[in-house]
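In what follows, a structure is listed as structure tokens, so that the remarks can point back to it.
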Amino acid sequence: MNEPSQSETPGQPVGRTRYGELTLDQIAEVQPGLGRLMPLVSDRYWIMYYAARGGNWALARYCLDQIRALFRVGATTRPQFRSFLEAFDRGHLTALEGAIQARDFHAFEVAYRRGIEGANAMHAATGHPEIVWQLPPTPPQHLYLGPLGAPGHAHPTTEE
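Numbering follows the numbering used here, with no gaps: position 62 of the sequence shown is 62.
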């Protein structure tokens, strides 16, 4: 990689780290695309389902908010997909948000399953029909997914 140094491209913006300098183009190149962001979205979508099913509506909401934040990053770094991400948010995430606010698991599950169908349709529409998302059959084991405040679970980190 024979990138010009800052001294070879005077006047170009540069970012400095303790390891050296990076040009603005180098910084832009390392920003995450959807290939790096979507596994994070996938994990949060998976956790959101089992959190809602378990009654941990706060965690379900947190996952929804994180998905939206990841979508904002994706829309910024890959603007050609902005319309797909925004449409998914308006259609599917907004429906999930309403069900989470109402703490209505039946409505949540309907919206969630429609979201899976929508995501897979968008994968196909963006040239990736090989990506077919499905809900894992088991909940994540590393998180408490039940309702906070349940007997013995005032806050899981405070238990001995």
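Don't be surprised by glycine CBs; every beta carbon is placed ideally from N, CA and C.
- Excluding five sequence positions before and after leucine 96, the CB atoms of its chain that fall closer than 7 Å to its own CB belong to Leu64, Phe108, Ala111, Tyr112, Gly115, given in chain order.
- Take proline 140, set aside five residues on each side of it, and the residues of its chain with a beta-carbon closer than 6 Å to its own are Ile47, in chain order.
- Distance from the Cα of threonine 138 is smallest, within the candidate group Ala51, Ala58, Ile67, Arg72, for Ala51.
- Annotated three-state conformation of arginine 113 is helix, per DSSP.
- A distance below 8 Å between beta-carbons, with the five flanking residues on each side excluded, links aspartate 89 to the following residues of its chain, in chain order: Arg68, Phe71.
- Within the same chain, and ignoring the five residues on either side of proline 13 in sequence, the residues whose Cβ sits closer than 8 Å to its Cβ are Thr23, Leu24.
- Beta-carbon to beta-carbon, glycine 54 and leucine 145 are separated by about 4 Å, close enough to satisfy the 8 Å threshold.
- Closest in C-alpha terms to methionine 38, from the list Ala102, Val132, Leu59, Thr17, comes Val132.
- Straight through space, the alpha carbons of valine 41 and leucine 85 are spaced by roughly 12 Å.
- Scanning Tyr62, Gly15, Gln26, Gly118 for the CA closest to the CA of leucine 143 turns up Tyr62.
- Leucine 37 carries a helical assignment under DSSP once its states are collapsed to helix, strand and coil.
- Taking C-beta separations shorter than 6 Å and ignoring five residues to either side along the sequence, the partners of isoleucine 27 in its chain run Gly15, following chain order.
- Between the alpha carbons of alanine 121 and serine 83 lies a gap of roughly 14 Å.
- From the listed residues His92, Asp104, Gln66, Gly127, the smallest Cα separation to glycine 118 is found for His92.
- Beta-bridge analysis with DSSP links glycine 98 to no other residue.
- The DSSP-derived three-state label of valine 14 is strand.
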